[in-house]
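For the sequence shown, counting from 1, position 199 maps to 212 in the numbering used here; every step adds exactly one. Just so you know, even glycine gets a beta-carbon here, dropped at the ideal spot from N, CA and C.
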Amino acid sequence: MMTPKLSLVVPCYNESATLETCVARILAIASPELTLEIVIVDDASSDDSLARAHSLAARHREIRVFAHERNRGKGAALRTGFRHVTGDFVAVQDADLEYDPRDLVSLLEPLVAGRADVVLGSRFLAGGAHRVLSFWHSAGNRFLTLVSNAFSDLHLTDIETCYKVFARELIQSIEIEEERFGFEPEVVAKLAGRGLRIYEVGIQYAGRTYAEGKKIRASDGFRALYCIVRYNARHAPTALRLLVFAGTAAVNGLLNVGLFALLRGFGGSPWIALALAYAAASVLGFWLCRKLLFPLAAGQSGRPDAIRYAGVALAGMLLDGALTLRLVDWGLPPVLAKLTALLPFPILDFFVRDRFVFAAPAAVRGLERR
Numbered sequence: 014m015m016t017p018k019l020s021l022v023v024p025c026y027n028e029s030a031t032l033e034t035c036v037a038r039i040l041a042i043a044s045p046e047l048t049l050e051i052v053i054v055d056d057a058s059s060d061d062s063l064a065r066a067h068s069l070a071a072r073h074r075e076i077r078v079f080a081h082e083r084n085r086g087k088g089a090a091l092r093t094g095f096r097h098v099t100g101d102f103v104a105v106q107d108a109d110l111e112y113d114p115r116d117l118v119s120l121l122e123p124l125v126a127g128r129a130d131v132v133l134g135s136r137f138l139a140g141g142a143h144r145v146l147s148f149w150h151s152a153g154n155r156f157l158t159l160v161s162n163a164f165s166d167l168h169l170t171d172i173e174t175c176y177k178v179f180a181r182e183l184i185q186s187i188e189i190e191e192e193r194f195g196f197e198p199e200v201v202a203k204l205a206g207r208g209l210r211i212y213e214v215g216i217q218y219a220g221r222t223y224a225e226g227k228k229i230r231a232s233d234g235f236r237a238l239y240c241i242v243r244y245n246a247r248h249a250p251t252a253l254r255l256l257v258f259a260g261t262a263a264v265n266g267l268l269n270v271g272l273f274a275l276l277r278g279f280g281g282s283p284w285i286a287l288a289l290a291y292a293a294a295s296v297l298g299f300w301l302c303r304k305l306l307f308p309l310a311a312g313q314s315g316r317p318d319a320i321r322y323a324g325v326a327l328a329g330m331l332l333d334g335a336l337t338l339r340l341v342d343w344g345l346p347p348v349l350a351k352l353t354a355l356l357p358f359p360i361l362d363f364f365v366r367d368r369f370v371f372a373a374p375a376a377v378r379g380l381e382r383r
């Protein structure tokens, strides 16, 4: 059997104080049974991280260095690194000293044995020594993992872990869209959507404090929640997809009723008010679905979805108008009648849009049935 080669992508932003020690720890795990490749991606550091990276590359033939002209974030740095790796397996290694590369040997075992497609290192499984840090930071990580598990239908303990090890062909086949720390929930969601064999292994963790240079912020936590919903939208369990569609339907409904009330204030035909309000809300609904949940892939045409959506919206407009006017005939005030007529629409929208307008690819539907 050939000696496996592990490529480590090291995203680096202002890590001059730790980069050389980090690389030394990585090089220490090389052995006759494991060869290494280190791809350092400097994300436009303002300190001398890039110069140190080039100095390391001059001394170690295993190291290659790439650099961004402007700071773009961890996800962008990883995207650059993944394009250039050549190993059999690929791991992410932050340039700080929070994670111990010796743990990567254990993470590789299920991959080399052919039992796993992806192995994640969990800070919350029984592992080595852990530095005790902020309760709220740990609680936030566990909350994000819980929400991610609900949407991905996986039972992971730590989605925000740095240590993720993949077969090279797998990670290079995944389009990484997030620029910053949203990479973590994004890649977990996209792995879940493929129905892969995912393993977890307990690891050591010596986390930094913010005073010591930790870069993730509360805003990244909110972005992570968005990423969990967006990237799991096509393959999440039915109940959660219904919840997501109900959320967009609620926004549409508020706009629909508000515009109807405004237009009715100007007088004129109720049918015109109904049609204009519903049309405006439908445009917003399509934009929300396309922008937040089902963005187009590179080279993909959105015209078929738009045509299906327009047909569904026209049918919905007629149903909405008929129900509203019937309720007005029964004595309800027009705005209340409009609001009441919209009550069944979140459920109807879900089944029509989920199964027809933004239907998941056949491969994803097959995973859902398994």
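A Cβ-Cβ distance of about 11 Å is found for the pair P17 and V178, leaving them out of contact under the 8 Å criterion. DSSP places T31 outside both helix and strand once states are collapsed to three, so it counts as coil. Annotation for G134: the continuous beta strand (DSSP E) segment containing it runs V131 to S135.
Nearest in C-alpha terms to V325, of all of T31, V296 and P45, is V296.
Per the Cβ contact rule, the region 19-34 is in contact with the region 104-112 (3 or more Cβ pairs under 8 Å). Residue state for C175 is assigned as coil, using DSSP reduced to three classes. For T34, the CB contacts under 7 Å within the same chain, skipping 5 residues up- and downstream, are L110 in chain order. Straight across, the Cα-Cα distance linking R316 with L338 is about 33 Å. Runs of beta strand (DSSP E) with 3 or more residues, each lying fully within the region 60-113, are found at 76-80 and 102-105, listed in chain order. Annotation: the continuous beta strand (DSSP E) that includes E50 extends over T48 to D55. Excluding its 5 nearest sequence neighbours in each direction, P45 has C-beta neighbours in its own chain below 8 Å: T16, listed in chain order. DSSP places L268 within a helical segment (H, G or I) once states are collapsed to three.
A direct Cα-Cα distance of roughly 21 Å separates L49 from T174. Unbroken beta strand (DSSP E) stretches of 3 residues or longer found wholly inside the region 187-241: 211-215, given in chain order. In this chain, the alpha helix (DSSP H) harbouring P317 covers R316 to D342.
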